[in-house]
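What the sequence shown shows, in our numbering, is residues 400 to 509, in sequence order. Quick reminder that beta carbons are idealized off the backbone N, C-alpha and C, glycines included. Just below is one structure, and these are the notes that go with it.
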Amino acid sequence: IEFGYDIVRREKLVHALFGGTSTETIHHACYKIRLSDLDDSYACNFDVLDQEVICSDVSAVKPGPWSTELKSLGVSVTDVDGPIEVLIGADVAGKLYTEKRFLLSNGLVA
(Lines of atoms letter the chains of each structure in order from A and count residues from 1; the text may use other names and numbers.)
(Lines give C-alpha, C1' and ligand atoms only; values in the text may rest on other atoms or scores of the structure.)
Protein backbone atom coordinates (compact mmCIF):
# COMPACT_ATOMS: atom_id res chain seq x y z
CA ILE A 1 0.00 0.00 0.00
CA GLU A 2 1.40 3.41 -0.89
CA PHE A 3 -0.14 6.53 0.65
CA GLY A 4 2.61 8.95 -0.35
CA TYR A 5 3.22 9.64 3.34
CA ASP A 6 6.22 8.78 5.48
CA ILE A 7 5.88 5.90 7.91
CA VAL A 8 5.82 7.34 11.45
CA ARG A 9 6.06 3.99 13.24
CA ARG A 10 5.33 0.29 12.90
CA GLU A 11 2.83 -1.63 15.01
CA LYS A 12 2.18 -5.30 15.68
CA LEU A 13 -1.50 -6.12 16.19
CA VAL A 14 -3.72 -9.12 16.67
CA HIS A 15 -7.11 -8.38 15.12
CA ALA A 16 -10.21 -9.66 16.92
CA LEU A 17 -12.78 -10.55 14.27
CA PHE A 18 -16.53 -10.97 14.37
CA GLY A 19 -17.41 -14.48 15.43
CA GLY A 20 -14.76 -14.57 18.13
CA THR A 21 -11.73 -15.49 16.05
CA SER A 22 -8.42 -13.66 16.05
CA THR A 23 -5.67 -13.25 13.49
CA GLU A 24 -2.03 -14.06 13.97
CA THR A 25 0.15 -11.07 14.82
CA ILE A 26 0.17 -8.71 11.84
CA HIS A 27 2.80 -6.04 11.23
CA HIS A 28 1.44 -2.67 10.08
CA ALA A 29 3.05 0.56 8.96
CA CYS A 30 1.47 3.60 10.60
CA TYR A 31 1.09 6.90 8.77
CA LYS A 32 -0.16 10.31 9.89
CA ILE A 33 -2.53 11.56 7.18
CA ARG A 34 -4.60 14.68 6.66
CA LEU A 35 -8.16 14.56 5.33
CA SER A 36 -10.12 17.66 4.45
CA ASP A 37 -13.44 18.64 3.02
CA LEU A 38 -13.63 19.51 -0.67
CA ASP A 39 -12.92 23.22 -0.30
CA ASP A 40 -10.22 22.62 2.32
CA SER A 41 -12.05 24.73 4.89
CA TYR A 42 -11.86 21.94 7.49
CA ALA A 43 -9.21 19.26 7.94
CA CYS A 44 -8.04 16.84 10.56
CA ASN A 45 -4.93 14.74 11.03
CA PHE A 46 -4.99 11.20 12.31
CA ASP A 47 -2.98 8.00 12.32
CA VAL A 48 -3.81 5.21 9.90
CA LEU A 49 -2.52 1.68 9.51
CA ASP A 50 -1.81 0.02 6.21
CA GLN A 51 -4.08 -2.92 5.44
CA GLU A 52 -4.51 -4.14 1.88
CA VAL A 53 -7.99 -5.56 2.51
CA ILE A 54 -10.19 -4.62 5.48
CA CYS A 55 -13.32 -6.42 4.37
CA SER A 56 -14.79 -7.51 1.08
CA ASP A 57 -15.24 -4.81 -1.55
CA VAL A 58 -16.62 -1.48 -0.40
CA SER A 59 -18.51 -0.27 -3.44
CA ALA A 60 -18.44 3.28 -4.70
CA VAL A 61 -21.75 5.18 -4.75
CA LYS A 62 -23.77 4.23 -7.81
CA PRO A 63 -25.54 6.99 -9.73
CA GLY A 64 -29.29 7.07 -9.30
CA PRO A 65 -32.24 9.38 -8.73
CA TRP A 66 -30.75 10.42 -5.39
CA SER A 67 -27.81 12.04 -7.24
CA THR A 68 -29.93 14.99 -8.37
CA GLU A 69 -31.54 15.30 -4.95
CA LEU A 70 -28.15 15.35 -3.22
CA LYS A 71 -26.86 17.98 -5.64
CA SER A 72 -29.90 20.19 -4.98
CA LEU A 73 -29.14 19.94 -1.23
CA GLY A 74 -25.53 20.99 -1.81
CA VAL A 75 -24.15 17.55 -0.92
CA SER A 76 -21.11 16.53 -2.96
CA VAL A 77 -20.46 12.82 -3.35
CA THR A 78 -16.88 12.08 -4.33
CA ASP A 79 -16.65 8.29 -4.04
CA VAL A 80 -18.52 7.59 -7.26
CA ASP A 81 -15.76 5.86 -9.20
CA GLY A 82 -12.54 4.12 -8.39
CA PRO A 83 -11.69 2.18 -5.27
CA ILE A 84 -12.32 3.40 -1.75
CA GLU A 85 -8.84 4.41 -0.59
CA VAL A 86 -9.40 5.32 3.06
CA LEU A 87 -11.91 3.61 5.31
CA ILE A 88 -12.35 5.44 8.61
CA GLY A 89 -13.81 4.24 11.86
CA ALA A 90 -16.15 5.83 14.36
CA ASP A 91 -13.20 7.23 16.31
CA VAL A 92 -12.34 9.52 13.38
CA ALA A 93 -15.76 9.98 11.80
CA GLY A 94 -16.92 12.23 14.64
CA LYS A 95 -14.20 14.73 13.76
CA LEU A 96 -15.37 14.89 10.17
CA TYR A 97 -19.13 15.19 10.59
CA THR A 98 -20.62 18.51 9.60
CA GLU A 99 -23.65 18.19 11.89
CA LYS A 100 -25.77 18.32 8.74
CA ARG A 101 -28.07 15.40 8.03
CA PHE A 102 -30.36 15.02 5.03
CA LEU A 103 -33.12 12.44 4.76
CA LEU A 104 -33.71 11.78 1.06
CA SER A 105 -37.10 11.01 -0.41
CA ASN A 106 -36.14 7.34 -0.96
CA GLY A 107 -35.16 6.88 2.71
CA LEU A 108 -31.38 7.17 2.29
CA VAL A 109 -29.58 9.47 4.71
CA ALA A 110 -26.75 11.77 3.62
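When C-beta atoms of the region 432-439 are compared with those of the region 469-487, three or more pairs fall below 8 Å, so the two segments count as touching. With fewer than three CB-CB distances shorter than 8 Å, the region 422-429 does not count as touching the region 457-465. Only residues of its own chain outside the window of five on either side were considered, and among them Ala459, Val460 have a CB closer than 6 Å to the CB of Val479, listed in chain order. Listed in chain order, the alpha helix (DSSP H) elements of length 4 or more contained wholly in the region 437-506 are 464-471, 489-495. When secondary structure is reduced to three states using DSSP, Tyr404 falls in the coil class, being assigned neither helix nor strand. Taking 8 Å as the upper bound for CB-CB distance, Val491 and Arg500 are not in contact here, some 18 Å apart. Exposure of Val407 is indicated by the presence of fewer than 16 other C-beta atoms within 10 angstroms of its C-beta. Glu451 and Ile432 have their C-alpha atoms roughly 17 Å apart.
Shown here, His414 sits in coil according to DSSP, grouped into three states, outside any helix or strand. DSSP places Ser435 in the uninterrupted beta strand (DSSP E) bounded by 425-435.
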